[in-house]
Amino acid sequence: MKKMKYSAENAPQAWLYLLPALIIIVIFHVYPLIKTFIISFEKGTLNNLVFNGIKNYQVVLADPKFHKAIINTTLYSFIVVPVGVIIAMAIALTIIEKIKYKDIFETIFFIPYLTSIIAVGIVFRFLLNKDYGFVNYILGFINVGPINFLDDPKMSMLTLIIFGIWQGLAFNIIILLSGLRNVDKNYYKVADMFGATKSEQFFRITLPQMIPILTFLLMVNFINAFKVYSQVFAIFNGKAGIADSATTAVFYIFNKFYVEYRYGQGMAAAVILFLLILLFTLIQNYVMKKLSK
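Written out as structure tokens, the structure is:
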């Protein structure tokens, strides 16, 4: 008698155990995604929606505010993510190589990740205040400023970028530390025997070994950066900066849906953002796979 190989299809009880999780995924992820796509082709109130064709998409794609939101989101993503990962890598390497009490410093760097982003935003508003902020107080010693980080439209994106980099450091550092600990130390011993410098060891040993971790970090960080909203809300006290100078794609969607009550247009913008994130994620994964070969 031929012995059958195990597979989920041949074990119906496995699906029974997975059923609660699958139900939650369908209700809170799949259904909202389908509903978003449907509403994007409709207009009216949520209780009386009627088909509107592709007019919502036409309005959104022609809206200068949406263009600005996409530009701001792209600018934020392509600065915050790489700069944040580079700084986190430098800190992680310093902790691994030069810090004696590593566990203490890991805890210190991880604490901001556990802190409410609204609470952190309040602290940052005090730090960056033009009149009594600590940052401007320090800049005064080198005869710079005071800089109006919070109420100058030209400074809004810079302020948001600084906040975004700091806010993402904790997660990046912890993930990078876990990856650095898994790099085989024997590689470094052999490299030392042949007189390789620290920079050569980093680019020829550490970096290639860290490609899977970096791929994961970049993918997660870029997706989160394209969906940035809470950072804007926190640092600018519920607004998108002066004159919406720091508006982002998700902030645009929020305003369309909850402020202007243009539900179809808001969902159309959400679908467009979803497609942009999906496209960029596919391109990024393809590039990272090429680099890792």
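This note's numbering applies: residue 16 is where the sequence shown begins, and numbers increase by one.
Each residue gets a CB set at the ideal place from its N, CA and C atoms; glycine is no exception.
Only a predicted model underlies this, so the values are computations on that prediction, with no experimental measurement involved.
Take phenylalanine 186, set aside five residues on each side of it, and the residues of its chain with a beta-carbon closer than 6 angstroms to its own are Tyr128, in chain order. Look at threonine 60 here: in three-state DSSP terms it is strand. Excluding sequence positions up to five before and after arginine 196, its CB lies within less than 8 angstroms of the CB of Ile111, all in the same chain and listed in chain order. Taking 4 residues as the minimum length, the alpha helix (DSSP H) runs contained wholly in the region 193 to 226 are 200 to 208 and 213 to 216, in order along the chain. Its chain contains Phe56, Glu57, Lys58 and Gly279 as the residues whose beta carbon lies nearer than 7 angstroms to that of asparagine 67, once the 5 sequence neighbours on both sides are disregarded; these appear in chain order. For valine 159, the three-state secondary structure derived from DSSP is coil. In this structure, glycine 179 lies away from valine 100, with their beta-carbon atoms at least 8 angstroms apart. In this structure, isoleucine 54 sits near methionine 282, with a CB-CB distance shorter than 8 angstroms. Cβ neighbours of methionine 104 within its own chain (closer than 7 angstroms, five residues either side excluded): Leu191.
Short of 8 angstroms from the beta carbon of leucine 290, and not among the five residues preceding or following it, lies no beta carbon of its own chain. One thing to note: valine 65 has its Cβ no nearer than 8 angstroms to the Cβ of alanine 284. For tyrosine 128, the enclosing alpha helix (DSSP H) stretches over residues 117 to 129.
Contact between leucine 34 and tyrosine 91 is ruled out by a C-beta separation of about 39 angstroms, above the 8 angstroms threshold. Here the region 234 to 252 makes contact with the region 262 to 272; the two share three or more CB pairs at distances below 8 angstroms. Boundaries of the alpha helix (DSSP H) harbouring proline 79: 79 to 113, taken from the DSSP string. Distances from the alpha-carbon of glycine 183 to those of Asp199, Ile132, Phe218 and Phe164 put Ile132 closest.
As DSSP reads the structure, phenylalanine 251 sits in no beta bridge. According to the DSSP secondary-structure assignment, valine 74 is paired through a beta bridge with no residue. If you draw a straight line from the Cα of glutamate 121 to the Cα of proline 27, it is about 44 angstroms long.
As DSSP reads the structure, phenylalanine 66 sits in a beta bridge with Glu57.
Of the other Cβ atoms in all chains shown, 16 or more fall within 10 Å of the Cβ of methionine 170; this residue is therefore buried.
Our two residues, valine 205 and proline 79, have alpha carbons roughly 58 angstroms apart in a direct line. Approximately 5 angstroms separates the beta-carbon atoms of glutamine 224 and valine 198; this is inside 8 angstroms, confirming the contact.
Taking the C-beta atoms as reference points, tyrosine 203 is found no nearer than 8 angstroms to isoleucine 228. In the displayed model, arginine 277 falls within coil according to three-state DSSP, outside both helix and strand.
For phenylalanine 266, the enclosing alpha helix (DSSP H) has its first and last residue at 264 to 269. Our two residues, isoleucine 298 and isoleucine 153, have alpha carbons roughly 42 angstroms apart in a direct line.
The alpha-carbon of valine 135 is positioned some 30 angstroms away from that of tyrosine 276.
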